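Working notes for the structure below.
Take a look at the structure:
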């Protein structure tokens, strides 16, 4: 059997995975799992002496677009807001209570899923 006929019989995903493995890289593996617990944690972290930033983690588990949420937080609270990690948004200022209400009311996430974790040590 020729190599051309073997390539045609494989699915596209198998060929892509093999292509990456031939060049010394790891194969692409899907990281999505169906048993992900939906929970949004809100906490604050000290930035400077008396300055705080509010950290929001877990919005991605609720299928929210982090960039749009970050922009909404910045506009609502008139402060700087940015996506800082894979599933983390940083909002300048200590606005934990306001953000918890905003997430529940405006973003449509159940209030039981939003948890205040208090101070976060980074």
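Residue numbers (the working numbering): 520 to 641. Each residue gets a CB set at the ideal place from its N, CA and C atoms; glycine is no exception. Please read these numbers as outputs of a predicted model, since none were measured by experiment.
- For residue 618, the closest alpha carbon among the candidates 556, 594, 568 is that of 594.
- In this structure, residue 573 and residue 615 form a Cβ contact; the two beta carbons are roughly 6 Å apart against a cut-off of 8 Å.
- Minimum Cα-Cα distance from residue 588 among the listed residues 636, 559, 638 corresponds to 559.
- Per the DSSP secondary-structure output, residue 608 pairs in a beta bridge with 575, 602.
- Inter-residue distance for residue 606 and residue 576 is about 6 Å (C-alpha atoms, whole angstroms).
- The three-state secondary structure of residue 619, taken from DSSP, is helix.
- Taken through DSSP and simplified to helix, strand or coil, residue 629 comes out as coil.
- Note on geometry: alpha-carbon atoms of residue 566 and residue 625 lie some 27 Å from one another.
- Straight across, the Cα-Cα distance linking residue 601 with residue 592 is about 9 Å.
- Less than 8 Å separates the beta-carbon of residue 622 from that of residue 633.
- Here residue 568 is exposed, its C-beta having fewer than 16 other C-beta atoms within 10 Å.
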